[in-house]
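> For the sequence shown, my numbering begins at 1 and goes up steadily by one.
All C-beta atoms, glycine included, are put in the ideal place defined by N, C-alpha and C.
Okay, handing you the structure first.
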Amino acid sequence: MARRLAPGARLVLASHNNGKLCEIAELLAPHGVDVVSAGALGLPEPEETAPDFVGNARLKAVAAATATGLPALSDDSGFCVASLGGAPGIYSARWAGPDKDFAAAMARVNREVGANPDRRAWFTCALCLAWPDGHTETFLGRAEGSLVWPPRGTKGFGYDPMFVPAGGTLTYGETDPAEKHATSHRARAFAQLLAACFA
């Protein structure tokens with residue numbers, strides 16, 4: 001059985017990505033936890049050296065829990081394109097460069113896909129909840145869809161404007177945040193987290 005987080009507990013969000021922090025804080029809002037970000041606590045971002053989303057999520061959560069003595073939740077997620085062998089994948093943020101220029105990152109995806117007719121793409125989200133004693137729980141969510149060019153919409157963040165979820169017609173960049181939160185890769189991972197770890 002998964003270890004549960006008690007209502008009223010203080011929880012560190014082990015992320016410095018403002019878009020992720022907003023989405024995660026909204027998803028956690030109804031569950032009675034006191035949320036503080038790693039950035040607000042002055043924690044450095046650990047180097048993401050694992051070869052997959054789950055490993056990188058675990059690295060970030062364990063680093064924050066160890067540094068603060070509090071439970072910590074991390075998210076490692078990315079945009080994956082079938083015709084690019086799953087890239088940018090775990091390197092999604094790095095494709096945007098130090099200035100987090102996702103317009104340039106989306107242009108690179110489009111350029112590398114070129115005329116390839118395979119437009120399949122997906123977002124993956126790995127969540128890791130870590131405790132100061134090193135115990136961790138991990139959850140994986142995925143949202144299938146396809147990529148479009150040019151990007152559409154100004155909502156969301158990252159690669160959202162070039163991704164249309166399966167069965168939809170709007171990109172994540174055109175979708176109301178509440179609707180995205182109900183079906184996204186992050187929402188799917190969160191549903192598992194909440195069922196397993198929240199009282």
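Which same chain residues end up closer than 6 Å to S74 when comparing Cβ atoms and leaving out the 5 residues on each side of it in sequence?
Numbered from 1 along the sequence shown, position 74 holds the residue referred to as residue 74. Excluding positions up to five away in sequence, the list reads A14, A57, K60, A61 and C128.
> Mapping DSSP to helix, strand and coil, what is S184?
In the sequence shown, counting from the first residue as 1, residue 184 sits at position 184. If DSSP states are grouped into helix, strand and coil, S184 belongs with coil.
> With DSSP as the reference, label E179 as helix, strand or coil.
For the purposes of this step, residue 179 is taken as residue 179 along the sequence shown, with counting starting at 1. Residue state, collapsed to three classes: helix.
> Expressed to the nearest angstrom, what Euclidean distance is found between the alpha-carbon atoms of P88 and S184?
Numbered from 1 along the sequence shown, position 88 holds the residue referred to as residue 88. Numbered from 1 along the sequence shown, position 184 holds the residue referred to as residue 184. P88 and S184: Cα-Cα distance of roughly 18 Å.
> Quick one: is T169 buried, meaning 16 or more other Cβ sit within 10 Å of its Cβ, or exposed?
Mapped onto the sequence shown, residue 169 falls at position 169. Per the 10 Å Cβ criterion, exposed.
> Can you tell me which residues form a DSSP beta bridge with P165?
The residue you call residue 165 lines up with position 165 of the sequence shown. DSSP output for P165 lists G145 as bridge partner(s).
> Check this for me: beta carbons of L147 and E112, under 7 Å apart or not?
For the purposes of this step, residue 147 is identified with residue 147 of the sequence shown, where counting begins at 1. For the purposes of this step, residue 112 is identified with residue 112 of the sequence shown, where counting begins at 1. Not closer than 7 Å, so no.
> Whole angstroms are fine: how far does the CA of K180 sit from the CA of F79?
Taking the first residue of the sequence shown as 1, we reach residue 79 at position 79. Taking the first residue of the sequence shown as 1, we reach residue 180 at position 180. The alpha-carbon atoms of F79 and K180 are separated by roughly 15 Å.
> How should C125 be labelled, buried or exposed, when 16 other C-beta atoms within 10 angstroms of its C-beta is the threshold for buried?
Here residue 125 is taken as the residue at index 125 of the sequence shown, counted from 1. Its Cβ being crowded by 16 or more others within 10 Å, C125 is buried.
> Do the CB positions of A143 and F123 come within less than 7 Å of each other?
Start at 1 with the first residue of the sequence shown, and residue 143 comes out as number 143. Start at 1 with the first residue of the sequence shown, and residue 123 comes out as number 123. Yes, Cβ-Cβ distance for A143 and F123 is below 7 Å.
> Can the beta-carbon of P44 be found closer than 7 Å to that of W131?
On the sequence shown, position 44 is the one that residue 44 refers to. On the sequence shown, position 131 is the one that residue 131 refers to. No, the pair does not count as a contact, with Cβ atoms beyond the cut-off.
> How many Å lie between R120 and V109 at the Cα?
Start at 1 with the first residue of the sequence shown, and residue 120 comes out as number 120. Start at 1 with the first residue of the sequence shown, and residue 109 comes out as number 109. Distance between the alpha carbons of R120 and V109 is about 12 Å.
> Excluding sequence positions up to five away, which residues of its chain have a Cβ less than 7 Å from the Cβ of V81?
Stepping through the sequence shown from its first residue, residue 81 is reached at position 81. Only A87, V109, V113, A121 and L147 meet the Cβ criterion.
> Look up W131 in the DSSP assignment and say whether it is helix, strand or coil.
Translated into the one-based positions of the sequence shown, residue 131 becomes position 131. Coil, per DSSP.
> For P88, which of helix, strand or coil comes out of DSSP?
Residue mapping note: residue 88 aligns to position 88 of the sequence shown, counting from 1. Here P88 sits in strand by DSSP.
> From V36 to F102, what does the alpha carbon distance come to, in whole angstroms?
For the purposes of this step, residue 36 is taken as residue 36 along the sequence shown, with counting starting at 1. For the purposes of this step, residue 102 is taken as residue 102 along the sequence shown, with counting starting at 1. Each residue's alpha carbon lies about 26 Å from the other.
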